[in-house]
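Residue numbers (UniProt numbering), protein chains in the order written: chain A, 1 to 280; chain B, 1 to 309; chain C, 1 to 343.
Ideal Cβ positions, reconstructed from N, Cα and C, are used throughout, including at glycine.
What you are looking at is a predicted structure, and each value in this text was computed from that prediction instead of being measured.
Spelled out as structure tokens, the structure:
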């Protein structure tokens, strides 16, 4: 056998193995969509990926069972708000940490680094009382403020800082010679050159907020205020048992659009996560 | 010309700003950082301080307010309440199951997918897809798939003649199910980190080793694996910490059950704090979690530093 | 006896043909240099010889063994990489002993051979160091040492000096040359630097676009380039190419072949004379003084610029008009296909 043939056989084996491993990664998505179109009786019948009867009614009932459209909107606008706020705040702080000299920088870095790894579960109890004291229970404020200023925001700050550090300093110095203020340099030179980092922060922040669960669970109580993950887990009957066909239809509605965006921009999205992980 | 200028500098020009350049830059820097810093103080450092105090109080539905009780809560957790050690045991089992499985799978996939070949993008996309999916959605679907008789997983196992257990109703199987589904959800992230690390390793190392007669396994064992060590360390710590803070996944899939079989630390904190409103005790648990995370982080930093020397 | 024979070697990456049929014989003990512009396929050819790249078609013999499907490690070759490829987590001793270790050579034997190679290359004092603690030249030597330890039949060098600064490059060049004298093993060396090729090679192979342009000793290539490309590639500064009609002005007794389109003359072969109608006239547009010689850019009446190396005495002034002449045997004629024109 030639080297070439050996390589082809080797590769084919790997590909087959990978296809088998891929099953539990793909299968849940397929099953979720399929079950979303099934009736309750069919769901518990013999399993088949294609529904015998397509029950589009599920997708109507999703919206009548809870204010699902409103909940969907909540998730979108909160995620956008968190993303925008994080972008501004983390790039400002990241810029200062990367480029400006000031007393206390080292200590500050140490403080921030220590926050990186701390789970939200650790601080959630005092934050609960803080939000209550501020009178912001059952509002969206905690869902915007906590992610922005918590460990995730710190991570974004460090990601921006790393990126700014790698930019050529000369361009900014040229900007200074041209009479730009610090804010001007940040806005007109540093930010435009940092599009990849900003995109990475935007992507992971949006998804972070979109998938957030503990905070909504603790701070929200009225249905109209719910975000998607909370709404999804709420498709239960009076005994707390899941209404499978509705729950899966709703999950499909929540997951598929993100999945489509992911399929289109998979390269960029995967790279964003790689970027955020490497610095850790 | 120069002499006149030299003479002039002794007199202070009129347009000198009130702040020297150095202090001006400092002030600007603090202004740039202030939003992050203020938020950090209010929503992170403040609460972190508060939790130290909370953990030393008795504060529950009965007392309604905080009374200082010293280390009672910790004593309660460590020596009195059997639940605590049960939870710790669960958390450790969860971590011991999840971390090696996740890392082994991530490394294998990364080795297979770090070089371009036909289909590489497809596979990377597939293995990473669950990472961007909400944990709640993921848990909902798997809970559905893992139901006793009617679940798709068991029906498919039946085709090949295996009588699957009622996964989420038996404590040990439930733990296994939670671990495995969590690995499938998160392995893509570590895979990507490993791929990035592998791609940073010079191709020439492998070529040189091949020329010198090393087998694929020897190349991996003697070249790639040692060069990956820093990445492996980081991934190990991140994944371990991640395993201690898993909440939503377990909340949705098992609710900590059955028979508290999947009750792990993060869920226990939530349960004690927000379902049973035992704030003091829950805060003590949160402190313990904080210490665990800090220890892991310090271990990572020290090991990494030693590796650099 | 380990010469190499390449028979109609071809390499295809997907749709692009990188090596388009190379025939070459390399004698035992010969120092052969592959040279050519970047992208000409010289490194690919070397990697095909090493076994790191497989061969799309054609035959490759090392000694008298057909090695097309022999694994890289079993071809009896060692390679020095451009990046050196020293394992960063192993010290010099372990780097050099790596190949012996995976081949299960006993520790004592391994030790002996590593020490021997280290002594040859004066690396004794560095054996416990890690690659990051070495200078560029030291790394280079370790990379060579690693190749020597395996006692190969053929050494392959892939642009080994391109990461060194100019001074070190000259030094290492002579070290490699003396290494070849000492070992007299067959060596194949890839470079894009024609000076490296000229100084090191017994035989130079000029490659372009996956094909051999010419094979010959450095002197042959310099004195009798087979075509325009080789003529301009070998020698620095580049050979001047002028219309064939200029030949009679440069050398009165020149006899251009009938098929000649152009004439080439090297800048160092041009002599400055008084301008007259019987010589090639030109105006000095620029003079670059380099110490030993001065490089003059002479603007010809047809608008072309001709380079002239002048030894520096009685340097003509900027803007002045001069005449140029050359010896008849230093003229190279090329036909319309850019091949050397036959008499």
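The beta carbon of residue 138 (chain A) sits closer than 8 angstroms to the beta carbons of 219, 220, 221, 222, 225 from its chain, once the five residues preceding and following it are set aside; these are given in chain order. Taking a cut-off of 8 angstroms on C-beta distances, the segment 40-59 of chain C touches the segment 185-196 of chain C, as three or more cross pairs fall below it. Contact note: residue 4 (chain A) reaches chain C through 54, using a C-beta cutoff of 8 angstroms and chain order. For residue 20 (chain C), the uninterrupted beta strand (DSSP E) run begins and ends at 16-26, by DSSP.
For residue 214 (chain C), DSSP records a beta bridge to C:206. Residue 27 (chain C) and residue 12 (chain C) have their C-alpha atoms some 27 angstroms from each other. Note that the C-beta distance between residue 96 (chain C) and residue 70 (chain C) is not below 8 angstroms. Using a Cβ-Cβ cut-off of 7 angstroms, residue 26 (chain A) is close to 126 of chain B, given in chain order. Each residue's CA atom was taken as its position, placing residue 292 (chain C) and residue 45 (chain C) some 38 angstroms apart. Judged by DSSP in its simplified three-state form, residue 166 (chain B) adopts coil rather than helix or strand. With respect to the 8 angstroms criterion, residue 83 (chain C) and residue 48 (chain B) are not classified as neighbours on the basis of their beta carbons. Annotation: Cβ neighbours of residue 102 (chain C) in chain B (cutoff 8 angstroms, chain order): 209, 212, 213, 214, 215, 218, 222. For residue 306 (chain C), the uninterrupted beta strand (DSSP E) run begins and ends at 305-310, by DSSP. Beta-bridge partners assigned by DSSP to residue 325 (chain C): C:271. Taking 8 angstroms as the cut-off, the beta carbon of residue 200 (chain B) is found no closer than this to the beta carbon of residue 85 (chain C). Residue 58 (chain B) carries a strand assignment under DSSP once its states are collapsed to helix, strand and coil.
At a cut-off of 8 angstroms between C-beta atoms, residue 8 (chain C) does not count as an interface residue with respect to chain A. Membership of residue 264 (chain C) in the beta strand (DSSP E) is indicated by the continuous run 262-265. Cβ proximity to chain C below 8 angstroms picks out nothing from the segment 107-140 of chain B. Chain-ordered, the chain A residues with CB closer than 8 angstroms to the CB of residue 289 (chain B) read 119, 121, 122.
The C-beta separation of residue 169 (chain C) from residue 199 (chain C) comes to about 11 angstroms, leaving the pair out of contact by the 8 angstroms criterion. Within chain C, the residues placing a beta-carbon under 7 angstroms from that of residue 226 (chain B) are 89, ordered along the chain. Runs of the alpha helix (DSSP H) lying entirely within the segment 236-264 of chain B, each at least 4 residues long, are 248-253 in chain order. The beta carbon of residue 116 (chain A) lies closer than 8 angstroms to those of 151, 154, 155, 158, 280 in the same chain, with the five residues before and after it left out.
Against chain C, the beta carbon of residue 205 (chain B) has neighbours under 8 angstroms at 85, 87, listed in chain order.
It is roughly 19 angstroms from the alpha-carbon of residue 36 (chain B) to the alpha-carbon of residue 78 (chain A). DSSP, read as helix, strand or coil, puts residue 39 (chain B) in helix.
Using beta-carbon distances, residue 168 (chain A) does not count as an interface residue toward chain B, since no partner is under 8 angstroms. The segment 67-151 of chain C contains, as complete beta strand (DSSP E) runs of 3+ residues, the segments 77-80 (chain order).
Of all alpha-carbon atoms in C:10, C:64, C:89, the one lying nearest the alpha-carbon of residue 221 (chain B) is that of C:89.
For the pair residue 33 (chain B) and residue 96 (chain A), the CB atoms are nearer than the 8 angstroms cut-off. Taking each of C:328, C:227, C:33 in turn and checking the Cα distance to residue 341 (chain C), the smallest one comes out for C:227. Residue 59 (chain C) is bridged by DSSP to C:7. For residue 283 (chain C), DSSP records a beta bridge to C:299, C:321.
Close to residue 150 (chain A), with beta-carbon spacing below 8 angstroms, are these residues of chain B in chain order: 43, 44. According to the DSSP assignment, residue 111 (chain A) belongs to the alpha helix (DSSP H) that extends over 105-116.
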